[in-house]
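Quick note, in our numbering, the sequence shown goes up one by one and the last residue is 438. The structure under discussion appears below in the form of structure tokens.
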Amino acid sequence: MKSIIHNGFIRLTLVNILSNLMVPLASLVDLAFLGYLDEIRHLAGVSIATVLFNYIYWTFGFLRMSTTGTTAQARGSGNHREIKQICLRNCLIALALATIIIIFQYPLREIGFSLLSATPEVKASGINYYKSLIWGAPATLLNFVLIGWFLGLEQGGKVLLLSVVNKGTNIILDYIFIVLWGWESSGAGSATAISQYITLVVGIICVFKFIYLTEIPQLIKNIWQPQVIRKTFILNRDILIRTFALISTFAVFTNLSSYMNTLVLVTNTLLLQVVTLAAYFIDGLAFATESLAGKSYGAGNQEQLKALVKLSGIISVGIGLIFAIVFCLFPTPLFSLLTNHTQVINNISSYVLWLIPVLGFGGMAYMLDGYFLGLTQGNLLRNSTLVAGLVGFLPFAMLGWFLKSNHILWLALAIFMATRAITLGKAIPNIIVEKKSV
């Protein structure tokens, strides 16, 4: 374990956590700018449009995840040419996908907003936000690749730099466009899109410290090898399915909460905020695990892989349990920061203990996600999430809905996390043996 720490595991984890925490911080500032406008419809419009963008961009989240694992493995095996080709290849794929988004932006908008429930005024604000933000798609997808690439290279400082530039410029431009110029929701979309392009410029400058312009023509010559493209497609497909299964599980959980009653919905929403907050910390560790697992796997270092998963497992479960226990011990003062409704806070006290199994098993599941992403075992991640969602979560969630029991609904989420952790954990010895036999 000492060798992992010496290799920068703790440093990389801390840098990734700081980078992750920029996301909720910037989001809170964004909401504050919109929330203080005279008309609240602009905040509501941006909120519903964000649901649509989450689906659009989450769909292509595999650009970040697959880039990290393949880059780390190439680095571990000492294949410097492949490291550079991965960056260029995935950037070209990102550009192609972004072009498709831009071309089909109108049908995506019409279909998306037709499925979202809101007043005409709120939808109008959401559409204005969408029209501005959609033009940031090329930069957004390219930034996915660059962040994934720097993570694979263990360049956590570069990732933190890109996060600070992105969120910092977004906040500054929000103030200019929304507060000073009065562009309302359109200003929020423009600020986010422009900040993505500014981040991209900084990212490209950082890339040119690793790849020289004169190298690019030679690197591109053999970039589309059929075997490599096939492996890339399969990995991206599996990660995409895994991501959709994960999103759908939480969407079903929220929808079933709303079917029970408004109090249950609000209670579960606030409890899920704790899960999300803990995830920002655990994901910082998972990203570090992903980078080092890929590097160790590429180098064939089995001992380091074993030590890494043990150390990461202990820390990730510890982080999850610390968050859960703190909120269980002090539910009233902590949740009072999020709401002043006494009825909601009292109701939360009845369910807050569910955070212990959800975040305990969830901490392990999130870490193992990163571990197997580093090993580019997309099929395992896909199968684990599908089994956890369809076999572990859905039957109990439907039973909870049928019996109108929020406790059973939280049991379903705990089983989902536990199933993911167990199925992925059981695969660890097999992967190590398989690598030894290669």
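Ideal placement from N, C-alpha and C gives every residue a C-beta, glycine not left out.
**OP:** Note down the Cα distance separating T59 from T267, rounded to an integer number of angstroms.
**Re:** Within the sequence shown, residue 59 is the residue found at index 59, counting from 1. Within the sequence shown, residue 267 is the residue found at index 267, counting from 1. Those two C-alpha atoms are separated by around 28 Å.
Original post:
According to DSSP, is L40 helix, strand or coil?
Top reply: Taking the sequence shown and counting its residues from 1, the one referred to as residue 40 is at position 40. With the sequence shown as reference, residue 40 is identified as Ile, and Leu is not the correct amino acid for it. Correct three-state label for I40: coil.
Original post:
Who are the near neighbours of E82 in its chain, counting only those whose CB is closer than 6 Å to its CB and skipping five residues on each side?
Top reply: The residue labelled residue 82 in the question sits at position 82 within the sequence shown. Same-chain partners within the cutoff: A74.
Original post:
Which residues mark the beginning and the end of the alpha helix (DSSP H) in which A299 is found?
Top reply: The residue labelled residue 299 in the question sits at position 299 within the sequence shown. T262 to A299 is the extent of the alpha helix (DSSP H) around A299.
Original post:
Taking the alpha helix (DSSP H) that V164 falls in, what are its first and last residues?
Top reply: If you number the sequence shown from 1, residue 164 lands on position 164. Per DSSP, V164 belongs to the alpha helix (DSSP H) from G156 to D174.
Original post:
Does the stretch 376–389 touch the stretch 352–364, meaning 3 or more C-beta pairs lie closer than 8 Å?
Top reply: no
Original post:
For the stretch 103–116 against the stretch 163–172, are there 3 or more C-beta pairs whose distance is under 8 Å?
Top reply: no
Original post:
How would you call I127, buried or exposed, if buried means at least 16 neighbouring beta carbons within 10 angstroms?
Top reply: In the sequence shown, counting from the first residue as 1, residue 127 sits at position 127. Classification of I127: buried, given that the 10 Å Cβ count is 16 or more.
Original post:
Does the stretch 316–324 come close enough to the stretch 36–43 to have 3 or more Cβ pairs within less than 8 Å?
Top reply: no
Original post:
Which whole runs of the alpha helix (DSSP H) in the stretch 300–387 are 4 residues long or more, in chain order?
Top reply: 302–329, 331–335, 342–351, 355–374 and 378–387
Original post:
In this structure, does DSSP put F253 in helix, strand or coil?
Top reply: Start at 1 with the first residue of the sequence shown, and residue 253 comes out as number 253. Helix.
**OP:** Note the first and the last residue of the continuous alpha helix (DSSP H) segment covering F396.
**Re:** As a first step, residue 396 must be located in the sequence shown, where it is residue number 396. Counting along the chain, the alpha helix (DSSP H) containing F396 begins and ends at L394 to F402.
Original post:
If we count the other Cβ atoms within 10 Å of its Cβ and call it buried at 16 or more, is N222 buried or exposed?
Top reply: One-based indexing of the sequence shown puts residue 222 at position 222. N222 comes out exposed.
**OP:** Report buried or exposed for A307, applying the criterion of at least 16 other Cβ atoms within 10 angstroms of its Cβ.
**Re:** Within the sequence shown, numbered from 1, the residue matching residue 307 stands at position 307. Buried.
Subject >> Alpha-carbon to alpha-carbon, S195 and K167 >> reply: To locate residue 167, count along the sequence shown from 1; it is residue 167. To locate residue 195, count along the sequence shown from 1; it is residue 195. Roughly 7 Å between the two C-alpha positions.
Subject >> For G442, the nearest candidate out of S125, Y297, G378 and I314 (CA to CA) >> reply: Limits of the chain in this structure are 1 at one end and 438 at the other, which puts residue 442 out of reach.
Subject >> Given S66 as reference, the closest of G389, V391 and L373 once Cα atoms are compared >> reply: Locating residue 66 in the sequence shown gives position 66, counting from the first residue. Measuring from the Cα of S66, the nearest candidate turns out to be L373.
Original post:
If you count every other CB in all the chains shown that lies within 10 Å of the CB of I100, and 16 or more means buried, which is it?
Top reply: Your numbering for residue 100 matches position 100 in the sequence shown. Per the 10 Å Cβ criterion, exposed.
Original post:
Counting along the chain, where does the alpha helix (DSSP H) carrying K123 start and finish?
Top reply: Position 123 of the sequence shown, counted from the start, is the residue given in the question as residue 123. Where K123 is concerned, the enclosing alpha helix (DSSP H) stretches over P120 to L133.
Original post:
Helix or strand or just coil, what does DSSP make of I211?
Top reply: Indexing the sequence shown from 1 puts residue 211 at position 211. Coil.
Original post:
Going by the CB atoms, is the gap between S312 and G76 shorter than 8 Å?
Top reply: Here residue 76 corresponds to residue number 76 of the sequence shown, with the count starting at 1. Here residue 312 corresponds to residue number 312 of the sequence shown, with the count starting at 1. No, the Cβ-Cβ distance between G76 and S312 is not below 8 Å.
**OP:** Taking only the alpha-carbon atoms, compute the straight-line gap between S186 and V46 and give it to the nearest angstrom.
**Re:** Within the sequence shown, the letter at position 186 stands for residue 186. Within the sequence shown, the letter at position 46 stands for residue 46. If I take the Cα positions, the gap works out to 9 Å.
Original post:
The alpha helix (DSSP H) spanning W181 covers which residue range?
Top reply: Here residue 181 refers to the residue found at position 181 when the sequence shown is read from its first residue. No alpha helix (DSSP H) contains W181, which DSSP labels as neither H nor E.
**OP:** Please classify T68: is it buried, with 16 or more other beta-carbons within 10 angstroms of its beta-carbon, or exposed?
**Re:** Mapped onto the sequence shown, residue 68 falls at position 68. Classification for T68: buried.
Original post:
Just curious, the alpha helix (DSSP H) that I223 is in, first and last residue?
Top reply: Here residue 223 refers to the residue found at position 223 of the sequence shown. That residue, I223, is in no alpha helix (DSSP H); it is neither H nor E in DSSP.
**OP:** Note down, in chain order, each residue of its chain lying with its Cβ closer than 6 Å to the Cβ of N236, except the 5 sequence neighbours on either side.
**Re:** By one-based count along the sequence shown, residue 236 stands at place 236. Here the set comprises F62 and S66.
Original post:
Do the stretch 141–160 and the stretch 84–103 meet, that is, are 3 or more Cβ pairs less than 8 Å apart?
Top reply: yes
Subject >> Cβ-Cβ separation, G156 to L12 (assumed contact under 8 Å), whole Å >> reply: Along the sequence shown, read from residue 1 onward, the residue named residue 12 stands at position 12. Along the sequence shown, read from residue 1 onward, the residue named residue 156 stands at position 156. With a Cβ gap of about 5 Å, L12 and G156 count as contacting.
Original post:
Since S114 is in the alpha helix (DSSP H), which residue starts that stretch and which ends it?
Top reply: As a position in the sequence shown, residue 114 is number 114, starting the count at 1. First-last of the alpha helix (DSSP H) with S114: Q105 to L115.
Original post:
Does the distance from the CB of P331 to the CB of I356 come in under 8 Å?
Top reply: Numbered from its first residue, the sequence shown carries residue 331 at position 331. Numbered from its first residue, the sequence shown carries residue 356 at position 356. No, they are not a contact pair.
Original post:
Sorry if obvious, but does the Cβ on I315 come closer than 7 Å to a heavy atom of the ligand NAP?
Top reply: The model on display carries no ligand, and the ligand NAP is accordingly not part of it.
**OP:** Rounded to whole angstroms, what's the CA-CA distance from Q343 to A251? Just pull it up for me.
**Re:** On the sequence shown, position 343 is the one that residue 343 refers to. On the sequence shown, position 251 is the one that residue 251 refers to. Cα to Cα, the separation comes out at about 24 Å.
**OP:** Hey, could you find the ends of the alpha helix (DSSP H) S66 is sitting in?
**Re:** Stepping through the sequence shown from its first residue, residue 66 is reached at position 66. Looking at the DSSP string, the run of the alpha helix (DSSP H) that includes S66 is F62 to G76.
Original post:
What residues in its chain sit with their C-beta under 8 Å from that of L92, if we drop five residues either side in the sequence?
Top reply: Numbered from 1 along the sequence shown, position 92 holds the residue referred to as residue 92. Within the same chain, L92 has close Cβ partners I223.
Original post:
From A44 to F287, what does the alpha carbon distance come to, in whole angstroms?
Top reply: Here the question's residue 44 lines up with position 44 in the sequence shown. Here the question's residue 287 lines up with position 287 in the sequence shown. The straight-line gap from Cα to Cα measures roughly 32 Å.
Subject >> Residue environment, H80, which counts as buried when at least 16 other CB atoms sit within 10 Å >> reply: Here residue 80 corresponds to residue number 80 of the sequence shown, with the count starting at 1. Label assigned to H80: exposed.
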